[in-house]
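Enquirer: In terms of the working numbering, the sequence shown is residues 430 to 1624. By construction, the Cβ of each residue, glycine as well, lies at the ideal position given by its N, Cα and C atoms. Remember, it's a predicted structure, so these values are computed and weren't measured experimentally.
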Amino acid sequence: MATIDGRPAQYGISLKQLRELMEHRGREGVMKIAEFGGIHEICKKLYTSPNEGLSGSTADEEHRRETFGSNVIPPKPPKTFLTLVWEALQDVTLIILEVAALVSLGLSFYKPADEDAPVLQEEEEHHGWIEGLAILISVIVVVIVTAFNDYSKERQFRGLQNRIEGEHKFSVIRGGEVCQISVGDILVGDIAQVKYGDLLPADGCLIQSNDLKVDESSLTGESDHVKKGADVDPMVLSGTHVMEGSGKMVVTAVGVNSQAGIIFTLLGAAVDEQEAEIKKMKKGESDGRAQTKGTQAQNQRQTVSSEGTKSESEGNHVPQSSSTSAAAETGHKKEKSVLQAKLTKLAIQIGYAGSTIAVLTVIILIIQFCIKTFVIDEKPWKNTYANNLVKHLIIGVTVLVVAVPEGLPLAVTLSLAYSVKKMMKDNNLVRHLDACETMGNATAICSDKTGTLTTNRMTVVQSYICEKLCKVLPTLSDIPQHVGNLITMGISVNSAYTSNIMSGHNPGDLPIQVGNKTECALLGFVQGLGVKYQSIRDEITEDKFTRVYTFNSVRKSMGTVIPRPNGGYRLYTKGASEIIMKKCAFIYGHEGNLEKFTRDMQERLIREVIEPMACDGLRTISVAYRDFVPGKAAINEVHIDGEPNWDDEENIMTNLTCLCVVGIEDPVRPEVPDAIRKCQRAGITVRMVTGDNINTARSIASKCGILRPNDDFLILEGKEFNRRIRDSNGDIQQHLIDKVWPKLRVLARSSPTDKYTLVKGIIDSTVSENREVVAVTGDGTNDGPALKKADVGFAMGIAGTDVAKEASDIILTDDNFSSIVKAVMWGRNVYDSIAKFLQFQLTVNVVAVIVAFIGACAVQDSPLKAVQMLWVNLIMDTLASLALATEFPTPDLLLRKPYGRTKPLISRTMMKNILGQALYQLVIIFGLLFVGDLILDIESGRGQELNAGPTQHFTIIFNTFVMMTLFNEINARKIHGQRNVIEGLLTNPIFYTIWIFTMISQVFIIQYGKMAFSTKALSLDQWLWCIFFGIGTLVWGQLITSVPTRKLPKILSWGRGHPEEYTDAMNLGEERFDSIDSDKKPRAGQILWIRGLTRLQTQVIGGELQERLIPVPYSKSNTDQAIRVVNAFRQGLDARYGDHTNTSLAEVLRKQTSLSKRLSETSSIEYADNIPDELTIPEIDVERLSSHSHTETAV
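#1: For residue 1255, which residues of its own chain have a beta-carbon under 8 Å away from its beta-carbon, when the five flanking residues on both sides are left out?
#2: In the DSSP output, what is residue 1250 paired with across the bridge?
#3: For the beta strand (DSSP E) that contains residue 1092, what are its first and last residues?
#4: Report the rounded CA-to-CA distance for residue 1077 versus residue 1026, giving the unit in angstroms.
#5: Tell me whether the stretch 943-961 and the stretch 1117-1134 touch, counting them as touching only if at least three CB pairs, one residue from each stretch, are closer than 8 Å.
#6: Please name the residue in 1284, 814, 1467, 1335 whose C-alpha comes closest to that of residue 1387.
#7: Tell me which residues share the same chain as residue 1292 and place their Cβ nearer than 7 Å to its Cβ, disregarding the 5 neighbours each side in the sequence.
#8: Would you check if the stretch 769-789 and the stretch 488-498 touch, i.e. whether three or more CB-CB distances between them fall below 8 Å?
#9: When the Cα atoms are used, what is the spatial distance from residue 1261 to residue 794?
#10: Quick check: what's the CA-CA separation for residue 444 versus residue 456?
#11: Could you tell me whether the Cβ atoms of residue 833 and residue 529 are closer together than 8 Å?
#12: Can you check DSSP and say which residues form a bridge with residue 523?
#13: Comparing the C-beta of residue 1165 with each C-beta of chain D, is any distance below 8 Å?
#14: Taking only the alpha-carbon atoms, compute the straight-line gap between residue 1202 and residue 685 and give it to the nearest angstrom.
#15: Could you check how far apart the C-beta atoms of residue 564 and residue 1295 are, in whole angstroms? I think they sit under 8 Å.
#16: Thinking C-beta only, is residue 1021 closer than 8 Å to residue 1001?
#17: In whole angstroms, what is the alpha-carbon distance linking residue 992 and residue 1051?
#18: Using the Cα positions of residue 1263 and residue 1253, report the straight-line distance between them to the nearest angstrom.
#19: If we count Cβ pairs, one from each stretch, closer than 8 Å, do we get three or more for the stretch 951-964 versus the stretch 920-932?
#20: Is it a yes or a no for the stretch 1221-1236 touching the stretch 1083-1095, going by three-plus beta-carbon pairs under 8 Å?
#21: I think residue 1153 touches residue 1175, with their Cβ atoms under 8 Å apart; what is that distance to the nearest whole Å?
#22: Under a Cβ-count criterion, where at least 16 other Cβ atoms within 10 Å of its own Cβ denotes burial, should residue 722 be classed as buried or exposed?
#23: Opposite residue 987 in the DSSP bridges: which residues?
#24: What is the residue span of the beta strand (DSSP E) that residue 1146 lies within?
#25: Sort 707, 516, 977 by Cα distance to residue 642 and report the nearest one.
#26: Could you tell me whether the Cβ atoms of residue 1247 and residue 1104 are closer together than 8 Å?
#27: CA-CA distance, residue 1082 and residue 1012?
#28: Please confirm if the stretch 955-971 is in contact with the stretch 896-904, defined as three or more CB-CB distances below 8 Å between the two stretches.
#29: When burial is assigned at 16 or more other CB atoms within 10 Å of the CB, is residue 1148 buried or exposed?
#30: For residue 670, name the three-state secondary structure that DSSP assigns.
#31: Within 10 angstroms of its Cβ, does residue 1320 collect 16 or more other Cβ (buried), or is it exposed?
#32: Can you check whether the CB of residue 1462 is closer than 8 Å to the CB of residue 1346?
#33: Do residue 1400 and residue 1466 have their C-beta atoms within less than 8 Å of each other?
#34: Taking the CB atoms as reference points, tell me whether residue 518 and residue 572 lie closer together than 8 Å.
#35: Three-state secondary structure (DSSP) at residue 893?
#36: I need the straight-line Cα distance from residue 1311 to residue 1420, nearest angstrom please.
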């Protein structure tokens, strides 16, 4: 018989049996485990020990992996480069260009037989094909650049995702030692310790537990917390959250065999099936069938969405009707980020304007051509004229290409991706990209105290025992023996056994605190008394506990009941001193004599001991106990006949005997006061929200600089806060909150709900004209709601629970407040980078479009040819966005006030620069166009035949335009009206490399571009003129800066107002036609246009990018949605072939935009006409499931 590591290779229980075992719940589960001979028997069959865990040998681990699988769920393969190229090609404007170029190519080879053209014409025709080819090549370049950007973005995210997954560790026992291992390394047979705040990484059966409650809503949709215990419901499942208590479990299923894994596998199948289905139906349906009754489809969708989720209020999955705002649809996490909303609206408006001008250009060119040829010259129609018409069309399309700012999404993407990468170095792990930019607008930060403002290295510095107040640590001999034993025993037993003090790595290092830091401080106190807490724990192991009352935010205390050696029970408890004091009836006084603890004594103790400690910034903890005895009871004991009713907590936790009060110091981090000063200078208000005593909170807030001596501020306790913000019926009123929050600086003894109420109140408030943007830090499970509600949620990477990390946007990997200041700096930098890019791009847009349009009207030809415009487009879009989006942040960013929500996107200063520069460029270009040939003494390019070769005249116009654009790029580096535009230029290598590269390329294009770029080589003299006009923009820029901005009308700023006004822009293409009656169905052309814009919009919103949450392996949202998909999928299979005779085209279009956005995981858009009606059923689920859109991490 084969053996591994000295044990048989055959396990006593098979993978199939374990899988079946985990499908049982509650009583059934208890019975099923009993069938296998109980939990210890299962451990034996898995060759593991409940106390020692696995041996940890490599051979054993490998064998377990082979037999039971490893704890990873294989991710969806990334998109290939070719897929991304294909997606980039779907852009409507590019498609039109490709078609036009191909037609032009074809026509250039088309020689009608009847034509007796002169020989000269023949010469020209030789080059006719070059333009068509050049356009095709430019399109290919644009596509490859776009695809490459998407590809590198994708790779960066994968890297980030792996980093986040790697951060997720879990405690298991191996070889008798507790160790933290990566979630992916957990094996079947591991003994895992579960505690409050954990996100369970695998399925298991409980061996022992204390007061364990689990939130299983991610699997069942039930919002109530489920009580778990070896004799009530021993099955704990992956993907669920531990909300209370602790315990020990043996792992029985990992990876694809765990409950979450099974759902994921089904889910993958569901998505694949869905995609296959779409492909099959792509063959198309006729529009005729799509007559109205949209409601039917909608009802179907609603039923699906509510199937399998019994509690709609718990997750964020309330069924939505089709006309719910799109903000709710796209951002399950939060409303659209401020910037996205403004950019979307801007891009769409520019798109409209550009398209109008483009169409006009084509119409004017064609009308002029027809009148000149057929009316004035009275020539008959020849087939070759088709070529001329196509050329006019190409010019029109190019105007559109230049007008539509497809560089915007690229700039946003690059700027954000670049910042995110750099922020990693500053200890900010960004989970939602848009958080990075929102942070730059933050006006308020609500911070936790412990661990964020303080070091979270706690030590006991004062103690009050037997009426003796010690400012230094006492020795055991100073304390009466029986009291000393009770204190050391009470602390060692009544603290989570996962809290430990380890010796440092090197001999001189401070000891390492593992687990709950407050408990570590108390254990350190026991060690300081000279007692080994571990030997007490070895004697009283966890399985001897009768009952544990675990710490939670309501109790604010922890209790443990253990049997007494000679019968009866002893309850130890510890917690916030003012709470424990109220439950004490006795206290050990002088020399360890037992005394009654009267109300007066309590008040004196609070006044003389607890408050002075708190005013020193110490956290005060009391330790107490109570005995339950079967025989004769002493004064502070209770006589019992049977076992007390441990669930009657009120009566158990009274008449306690107080043993001691200790003051725990948690020093302020040395760098925090400076960071807070920076925030205040940057116009950000820092508020402290803590569960601690009001005096402790005040003391720490003063040390940090949150409270400044001469300010007018409020410090409230949770109770008082609630009293002030609720009306007589106990309902929270916004107008009452508005009276409190502006002055509030410290909220002490606050519950998680208070924190949430405060954050929500500030966000919803309209008191300040710019609307507040709130950031929140949190580490506990209970901080989840506030973290989700905040505009930006920061979770602590070291001390934070999984639940908090799951609800957050940014994880602070060093738990340090000063990292938040860096996030603010990067956020402002992103906003500024995008504004710089906008200022640059809009100038080019305005000029190029006007030149093409007026040129077409006045000269019957655009001075800038199609290929030239594509080159300009490449400069201003791709290259400029790279150059301007990668500027480094400077400390000056923290010297200005935040923008807030309602600040215009394009300020008056920027608009002044845009219009001023555009004016200069237009004057120069039109000057050159109409009189340039006379000034520079060259042949005029005006009025040339369409097929004539390039002229120096038009080459100079093109070259001057590019020079002016290039020098204006330097101007665009500053947006706040600074004079020195060169400052810091050399600190950004990307900028100057791209600038020089563009300049060299331009020289090549002009000198050697010939027919392909419609250019003719220029002499040095002419080059100097072009560069002279280019440098002129820098001088002109200085003149514009001198114009005082304040004098300009407010109307010049664009994009002010609250983003809610912008979210309507997002609904474009999704709801545009929902309300239209079926007989007013949009025409195919409209659909195509909407689709072009929707693509632009999804890109700007960064369909996959901005909202893209990096999923932690078992993120709640995944399983949440997964269970729903599985249900929907099962129904969908039956319903999919049911009655789908009618849905209006609007419905199809709406679904199509959301589906293609979600399913293709990027912003490619399929054709609306081919969308199958059959997709009514699974859509609602799959759209929330695409592997990237985990935007909704419910707590």
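Expert: So, from the data block:
#1: Translated into the one-based positions of the sequence shown, residue 1255 becomes position 826. If we look at residue 1255 and ignore the five residues flanking it on each side, its Cβ neighbours are 848, 851, 852, 855, 857, 865, 868, 869, 1318.
#2: Walking along the sequence shown from the start, residue 1250 turns up at place 821. Residue 1250 pairs with nothing; no bridge assigned.
#3: Reading the sequence shown from its first residue, position 663 is the one you call residue 1092. Residues 1085-1094.
#4: Reading the sequence shown from its first residue, position 648 is the one you call residue 1077. Reading the sequence shown from its first residue, position 597 is the one you call residue 1026. Approximately 23 Å, taken between the alpha carbons.
#5: Counting Cβ pairs under 8 Å, fewer than three are found: no touch.
#6: Against the sequence shown, residue 1387 aligns to sequence position 958. Nearest of 1284, 814, 1467, 1335 to residue 1387, Cα basis: 1284.
#7: The residue given as residue 1292 occupies position 863 in the sequence shown. For residue 1292, where only same-chain residues beyond five positions count, the Cβ hits under 7 Å are 1280, 1284, 1358, 1383, 1386.
#8: These segments do not touch.
#9: Counted from its first residue, the sequence shown places residue 1261 at position 832. Counted from its first residue, the sequence shown places residue 794 at position 365. Taking the straight line joining both Cα atoms gives about 40 Å.
#10: If you number the sequence shown from 1, residue 444 lands on position 15. If you number the sequence shown from 1, residue 456 lands on position 27. If I take the Cα positions, the gap works out to 22 Å.
#11: For this step, residue 833 is matched to residue 404 along the sequence shown. For this step, residue 529 is matched to residue 100 along the sequence shown. Here residue 833 is not near residue 529, since their CB atoms are 8 Å or more apart.
#12: By 1-based counting over the sequence shown, the position of residue 523 is 94. Partner residues in a beta bridge of residue 523, as assigned by DSSP, do not exist.
#13: Looking for chain D here will not work: only one protein chain is present.
#14: Your numbering for residue 1202 matches position 773 in the sequence shown. Your numbering for residue 685 matches position 256 in the sequence shown. The alpha-carbon atoms of residue 1202 and residue 685 are separated by roughly 41 Å.
#15: Locating residue 564 in the sequence shown gives position 135, where the first residue counts as 1. Locating residue 1295 in the sequence shown gives position 866, where the first residue counts as 1. About 6 Å separates the CB atoms of residue 564 and residue 1295; that is less than 8 Å, so the two are in contact.
#16: As a working note, residue 1001 is residue 572 in the sequence shown. As a working note, residue 1021 is residue 592 in the sequence shown. Taking 8 Å as the Cβ cut-off, residue 1001 and residue 1021 do not qualify as a contacting pair.
#17: Counted from its first residue, the sequence shown places residue 992 at position 563. Counted from its first residue, the sequence shown places residue 1051 at position 622. Within the model, the alpha-carbon separation for residue 992 versus residue 1051 is close to 22 Å.
#18: In the sequence shown, residue 1263 corresponds to position 834, counting from 1. In the sequence shown, residue 1253 corresponds to position 824, counting from 1. Straight-line measurement puts the Cα of residue 1253 at about 16 Å from the Cα of residue 1263.
#19: The answer is yes - the stretch 920-932 touches the stretch 951-964, with three or more Cβ pairs under 8 Å.
#20: Taking 8 Å as the limit for Cβ pairs, the verdict is that the stretch 1083-1095 does not touch the stretch 1221-1236.
#21: For the purposes of this step, residue 1153 is identified with residue 724 of the sequence shown, where counting begins at 1. For the purposes of this step, residue 1175 is identified with residue 746 of the sequence shown, where counting begins at 1. Your pair residue 1153 and residue 1175 does not check out as a contact, with CB atoms roughly 14 Å apart and the cut at 8 Å.
#22: As a working mapping, residue 722 is identified with position 293 in the sequence shown. Residue confidence for residue 722 is low, a pLDDT of 36 falling below 50, so the modelled location carries little weight; the figure read from the coordinates is stated next. Its Cβ having fewer than 16 others within 10 Å, residue 722 is exposed.
#23: By 1-based counting over the sequence shown, the position of residue 987 is 558. Answer is 1003.
#24: Locating residue 1146 in the sequence shown gives position 717, where the first residue counts as 1. Segment 1143-1146, the beta strand (DSSP E) holding residue 1146.
#25: Counting from 1 along the sequence shown, the entry for residue 642 is found at position 213. Its Cα nearest to that of residue 642, the residue 977 stands out among 707, 516, 977.
#26: Against the sequence shown, residue 1247 aligns to sequence position 818. Against the sequence shown, residue 1104 aligns to sequence position 675. In contact: residue 1247 and residue 1104 (Cβ atoms closer than 8 Å).
#27: The residue given as residue 1082 occupies position 653 in the sequence shown. The residue given as residue 1012 occupies position 583 in the sequence shown. Approximately 7 Å, taken between the alpha carbons.
#28: Verdict: yes, contact present.
#29: By one-based count along the sequence shown, residue 1148 stands at place 719. Answer is exposed; the Cβ neighbour count stays below 16.
#30: Indexing the sequence shown from 1 puts residue 670 at position 241. If DSSP states are grouped into helix, strand and coil, residue 670 belongs with the strands.
#31: Here the question's residue 1320 lines up with position 891 in the sequence shown. When all chains shown are included, residue 1320 counts as exposed.
#32: For this step, residue 1346 is matched to residue 917 along the sequence shown. For this step, residue 1462 is matched to residue 1033 along the sequence shown. Yes, Cβ-Cβ distance for residue 1346 and residue 1462 is below 8 Å.
#33: As a first step, residue 1400 is located in the sequence shown; it is residue number 971 there, counting from the start. As a first step, residue 1466 is located in the sequence shown; it is residue number 1037 there, counting from the start. Yes, the Cβ-Cβ distance between residue 1400 and residue 1466 is below 8 Å.
#34: Here the question's residue 518 lines up with position 89 in the sequence shown. Here the question's residue 572 lines up with position 143 in the sequence shown. Yes, these two residues count as a Cβ contact at 8 Å.
#35: As a working mapping, residue 893 is identified with position 464 in the sequence shown. Three-state result, residue 893: strand.
#36: Taking the sequence shown and counting its residues from 1, one reaches residue 1311 at position 882. Taking the sequence shown and counting its residues from 1, one reaches residue 1420 at position 991. For residue 1311 and residue 1420, the distance between alpha carbons rounds to 8 Å.
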